[in-house]
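One structure is given here, and the rest of the page talks about it.
Chains as they are written, first to last, in the working numbering: chain B, 1 to 507; chain X, 1001 to 1507.
The following block contains the structure:
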């Protein structure tokens, strides 16, 4: 045995200002030396006393670091000869395996990712410019939210929640919130359900994911509104489903077209109260046709009722779910628009005979939703703040919507078409042929205006140009400037388009 | 036109005490009559004035209900002849489609559910008896949680969160919490990462689901510890993966066995700090072997570090992640055990080159985590409450663990084997052959004692009998009675087993 090797001391650079303890730093340095091959299996280590002296610390940290390395099997004690690197350690892997990947390589070259993960589009953060941009979609007037009330209710539950709700594991959510949602939906949306059918979810996106898993297998066909909601498209696609784009007209999704394209689809995804993005309200005739098709095809209807709280002139439209006697409709709603997106709360109303299956799947996905926000929201609803807030916002959004449409008319005149019914938190405005909405959106970004283009919401080649213009979070003072800039950009883009065309035809 | 038909009036039964408005009730009744076929397409309706008189209300609700039915297309106005059921409504579906499913039929007979949803086990609510049962697993001492501090921090963020964090959409979580988690992991767990690699998730179960989606395709093989964590098994199975059970011994998962069973597996799921349920700490040699295999096989290692905060005598074991120079380890942790399960917060540390993919997938799953709980938790960590709470709990759990083991020894003597290292919030105790843990668990339920049997945690036929005995939430006064009852039940079950055996051998 080379006793001399005990003199070899790996460099233990200590940083007394670091977060990590001295003992931790010694442990790290020795382990790194062992793993890195500087200290070989069987090699003797200095005594803890000598190590301590060498690095100028007390003996305790060194002793503790040795104890830990010993407990984890990196080193071993040898009777009579002190402490050594464990002789049985496998050959060190510094010399094997592929090289460390570069932190910047996003494609993970050579590393196996799942094929299915390739079905998810890249996440692109929305540039939140000019205090989140005049036309940001799906964003409520957060500054109008009654935080003083919300804070009081939340504090109550955070301070003394009691034991019982904290040990409850229920994938469906808290009984109080489910009851409150059920009551609200019965009154405001003519949804027919019991609290047992209501599941609280982390926003409507989780509800869609859950529906996919319970109802659809890879390669199953699903009708999607054309144009339609991009996040629904993403998640159905990611779950391996085949999307069947079905045209939308002034009465909503065309059931005849759907049957022509794929009469045996497993499901239809619809936004009947306020079609996203074109804003149609599905007519009674279409609703009945759709339910009849679902009956014939043994298919499901996923009803996404994302912003029906806000209708400004006509009374709210009753849900499709309430019209369905056969339990074929899965009804999805969210608190992201009517309250706050950062809450991450939504709900599904599940046909009674499917509740168990939804519950089983949800349990495996993330067990159950956070207790605290559910408790605060249940009180918010029970004490009437919810309905009051909706009423207040309906008034505000009605005004903002009217102002925006008036401005669009003033700037664009007859060139602009305003789509859909008098509802929601955005206006979909389409432009005549010759405008390129994505080009305008790109130019707008340079001018710090965020625009949501309409044409990418189509799956097929036949597309309209236009924009979904959110107004929920935009004070009326910010609107005229934004619309003016939009008009300016549109004119510039059109001119550019003409020039390109002329240039092309002259060559 | 049969003018007389306008005299036919559907029964509109009003309930003035109901939640639903008069107008809503009239609307519901008329729509039901139209949809149900009592009112036929083309049939005239009474004037709103007559309807109002008939039901004894003012005219306004009747007018509004008509307006809504008109807007939705159920009725139409005919010049000169009043209002009628829309002539173009499709044949009513009361007469078509399969019969309404019975609310009680859980199997959804005849209705298509996805095949993959059959991969999820049914959710069975844990009976929470005797104030959640003496041996409930994975449950912290909730009564020791500093709710006064937690309530103060939460109130702060709920009352005045500011606009900026509420409009931020980040699938990774809030910057403050990710930084706090990163700092904590570097110090306490020797995890090597930047905050950019930390993603906040809704508990570790969501982390596992996310890993499946990003890393594994259906039919991909994954090594699972045998015995192992049931919820991990559920979600990998549900995602279509093939589970390869790999034996665990006193040094953790046996890499040699794993390579024999399936050397080309895509991933390994491990709990190296404190194996669930047998409690081994993976040795340094095994860690290196596992990392080497992952390098050779181009495979991933999913490290679930679910309760490593609680080690009572030895220093905490460093993470496997920190030992891996090649970015093959995905590290998962949770706040469910160290704080509260009802919080639904956990984290993943993602290899740098995979962050984008995880982000993309998570965005489609549920967009981003709830802001409020993240904000409160970040402060809780930054202000030092987190580390203080861990220290306090470590002391308490250490005492509870020692007391439980002492009691087990007293009641069972040498018949009981206590597994694993001195760590965590539960003790795994196995019983000699001849005991049937599932039988004992069934009998225990009748006596209001909840027991988590060990044998179902094995996938293969070779199983040990025993129990995972949680002690986190059990005051020491409740423990002796519970252990006594356990011993009594075990003795009874064994006797029963002998009798059955004797009866069998005598026939």
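Cβ atoms here follow ideal geometry from the backbone N, Cα and C, with glycine treated the same way.
Let's see if you can read the secondary structure: which residues bound the beta strand (DSSP E) around residue i?
i                      : result
residue 426 (chain B)  : 426-431
residue 390 (chain B)  : Note, residue 390 (chain B): premise wrong, no beta strand (DSSP E); alpha helix (DSSP H) at 385-412.
residue 348 (chain B)  : 346-349
residue 167 (chain B)  : Residue 167 (chain B) -> not in any beta strand (DSSP E); alpha helix (DSSP H) instead, spanning 163-167.
residue 1199 (chain X) : 1198-1201
What are the boundary residues of the alpha helix (DSSP H) that includes residue i?
i                      : result
residue 269 (chain B)  : Premise fails: residue 269 (chain B) lies in the beta strand (DSSP E), 267-270, not in any alpha helix (DSSP H).
residue 150 (chain B)  : 147-159
residue 366 (chain B)  : 355-366
residue 1249 (chain X) : Element bounds for residue 1249 (chain X): not the alpha helix (DSSP H) but the beta strand (DSSP E), 1242-1249.
residue 1193 (chain X) : Residue 1193 (chain X) -> no alpha helix (DSSP H), and no H or E assigned at all.
residue 377 (chain B)  : 371-382
residue 1214 (chain X) : 1204-1215
residue 237 (chain B)  : 230-238
Below 8 Å on the Cβ atoms is my contact criterion, and I expect residue i with residue j to pass it. Report the Cβ-Cβ distance as a whole number of Å.
i                      : j                      : result
residue 508 (chain B)  : residue 440 (chain B)  : Since the displayed chain B opens at 1 and closes at 507, residue 508 (chain B) lies outside it and no answer follows.
residue 1030 (chain X) : residue 1203 (chain X) : No, residue 1030 (chain X) and residue 1203 (chain X) are not in contact; Cβ-Cβ is about 47 Å, not under 8 Å.
residue 1307 (chain X) : residue 1337 (chain X) : 5 Å
residue 258 (chain B)  : residue 457 (chain B)  : Wrong, their Cβ atoms sit about 18 Å apart, outside the cutoff.
residue 1452 (chain X) : residue 1135 (chain X) : 7 Å
residue 268 (chain B)  : residue 318 (chain B)  : Wrong, their Cβ atoms sit about 18 Å apart, outside the cutoff.
residue 362 (chain B)  : residue 171 (chain B)  : 4 Å
residue 426 (chain B)  : residue 470 (chain B)  : 4 Å
residue 1465 (chain X) : residue 1454 (chain X) : 6 Å
residue 206 (chain B)  : residue 1365 (chain X) : 7 Å
residue 348 (chain B)  : residue 199 (chain B)  : 5 Å
residue 1248 (chain X) : residue 1275 (chain X) : 6 Å
Is residue j closer than 9 Å to residue i when the C-beta atoms are compared?
i                      : j                      : result
residue 1163 (chain X) : residue 324 (chain B)  : no
residue 1468 (chain X) : residue 1315 (chain X) : no
residue 1355 (chain X) : residue 1197 (chain X) : yes
residue 1431 (chain X) : residue 1437 (chain X) : yes
residue 253 (chain B)  : residue 239 (chain B)  : no
residue 1382 (chain X) : residue 1176 (chain X) : yes
residue 1330 (chain X) : residue 1288 (chain X) : no
residue 213 (chain B)  : residue 1117 (chain X) : yes
residue 1150 (chain X) : residue 138 (chain B)  : no
residue 41 (chain B)   : residue 86 (chain B)   : yes
residue 1048 (chain X) : residue 1063 (chain X) : yes
residue 1174 (chain X) : residue 1374 (chain X) : yes
residue 304 (chain B)  : residue 265 (chain B)  : no
residue 1386 (chain X) : residue 1339 (chain X) : yes
residue 397 (chain B)  : residue 312 (chain B)  : yes
residue 73 (chain B)   : residue 1285 (chain X) : yes
Confirm the yes/no value for this check: CB of residue i, any heavy atom of the ligand MN, distance under 8 Å.
i                     : result
residue 331 (chain B) : Here there are no bound small molecules, and the ligand MN is not part of this structure.
Per DSSP, which residues does residue i bridge with? Please list them.
i                      : result
residue 1224 (chain X) : X:1245, X:1269
residue 1252 (chain X) : X:1249
Alpha helix (DSSP H) runs wholly inside the segment 275-335 of chain B, at least 4 long, in chain order
Qualifying alpha helix (DSSP H) stretches, in chain order: 284-297.
What are the residues of the segment 51-69 of chain B that lie near chain D, defined by any Cβ-Cβ distance shorter than 9 Å?
The structure shown contains no chain D; its protein chains are B and X.
Entirely enclosed alpha helix (DSSP H) segments - the segment 1027-1097 of chain X, minimum 4 residues
The segment 1027-1097 of chain X is shown to contain whole alpha helix (DSSP H) runs of 4 or more residues at 1048-1055, 1059-1072, in chain order.
Runs of 4 residues minimum, wholly inside the segment 417-494 of chain B: which ones carry the alpha helix (DSSP H) assignment?
Note on the segment 417-494 of chain B: whole alpha helix (DSSP H) runs with a minimum of 4 residues are 437-446, in chain order.
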